[in-house]
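In this note's numbering, the protein residues as written are 1 to 230.
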């Protein structure tokens with residue numbers, strides 16, 4: 001009899017835990033990618049709607065979603081050469097300098113934001129829907145990044161009907177302090193573009209950006225000028 005009583009009690013405890021787990025589990029809201037569109041995540045400069053419109057060459061009229069990507073952390077660890085042969089030809093006609101006090105100093109590499117896998121972290125970002133044909137134009141600007149599929153990583157929505165992509169640095173474009181710290185700069189204008197985009201999303205969004213982004217070394221941030229070679 002006591003054995004049956006213990007079994008009954010154990011069953012009740014198990015059912016209670018199961019019910020609580022089900023109640024606390026957050027169900028994702030279904031979100032269908034519109035026909036002929038793909039999803040694009042902005043976590044850095046692409047968080048700025050104005051910047052996205054500049055890259056697309058036209059106004060953006062589709063829906064914009066504030067979301068979180070699970071399993072990633074944001075880092076200032078993309079680094080690319082200012083003379084990367086993959087850059088548009090017109091950009092290769094310029095030399096890059098940064099301002100340090102009253103000095104104007106040359107530098108060889110530019111640092112941008114990136115995402116790195118981290119199962120204990122999540123980042124706040126925005127989700128756009130763009131035409132499939134427009135993705136090629138975005139790819140041309142995201143030199144040094146791989147486009148990765150992140151539909152299942154979006155916390156708020158269960159995505160169907162098409163993929164959602166984010167850009168992640170190729171291994172050869174990842175920043176390494178030992179080799180890159182002395183000749184690389186974060187353009188102040190780029191950083192302010194990102195900060196402003198998150199400020200527009202609200203104080204909590206900016207606060208979350210700061211906590212989900214590994215900080216950069218202060219000496220890496222500077223105003224930049226680019227002068228066309230004669």
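Glycine included, every Cβ here is placed at the ideal spot set by N, Cα and C.
Checklist entry - Taking the C-alpha atoms as reference points, what is the distance between residue 85 and residue 91? => result 10 Å
Checklist entry - Are residue 71 and residue 133 touching if we call contact CB-CB under 8 Å? => result no
Item to check | Rounded straight-line distance, which links the Cα of residue 42 to that of residue 197 | outcome: 10 Å
Checklist entry - Can you tell which of 187, 170, 128 has its C-alpha closest to the C-alpha of residue 107? => result 187
Checklist entry - For residue 31, which of helix, strand or coil comes out of DSSP? => result Secondary structure at residue 31: strand, using DSSP grouped into helix, strand and coil.
Checklist entry - What did DSSP end up calling residue 174 once you bin it into helix, strand or coil? => result strand
Checklist entry - Between the Cα of residue 28 and the Cα atoms of 174, 67, 126, which residue gives the shortest distance? => result Cα-wise, what sits closest to residue 28 is 67.
Next on the checklist: Just to confirm before moving on: does the CB-CB distance between residue 130 and residue 73 stay below 8 Å?
Outcome noted: no
Checklist entry - Which residues in the same chain have their Cβ closer than 7 Å to the Cβ of residue 112, if we skip the five residues on either side of it in sequence? => result 44, 78, 190
Next on the checklist: Residues in the same chain with beta-carbon distance under 7 Å from residue 183, minus the five sequence neighbours each way, listed in chain order, please.
Outcome noted: 107, 108, 109
Item to check | Buried/exposed call for residue 169, threshold 16 Cβ in 10 Å | outcome: buried
Checklist entry - Taking the C-alpha atoms as reference points, what is the distance between residue 146 and residue 63? => result 25 Å
Checklist entry - Is the beta carbon of residue 60 sitting closer than 8 Å to the one on residue 228? => result Against a cut-off of 8 Å, the Cβ pair of residue 228 and residue 60 comes out as no contact.
Item to check | Cutoff 8 Å; reference residue 101; Cβ partners in own chain excluding five residues on either side | outcome: none
Next on the checklist: If you reduce the DSSP assignment to three classes, tell me which class residue 107 lands in.
Outcome noted: coil
Next on the checklist: Please state the DSSP three-state secondary structure of residue 60.
Outcome noted: coil
Checklist entry - By a C-beta neighbour count over all protein chains shown, 10 Å radius and 16 as the cutoff for buried, is residue 50 buried or exposed? => result exposed
Checklist entry - Can you tell me whether DSSP reads residue 210 as helix, strand or coil? => result It is helical.
Item to check | C-beta atoms of residue 116 and residue 75 nearer than 8 Å | outcome: yes
Item to check | Straight-line Cα distance separating residue 217 from residue 210 | outcome: 14 Å
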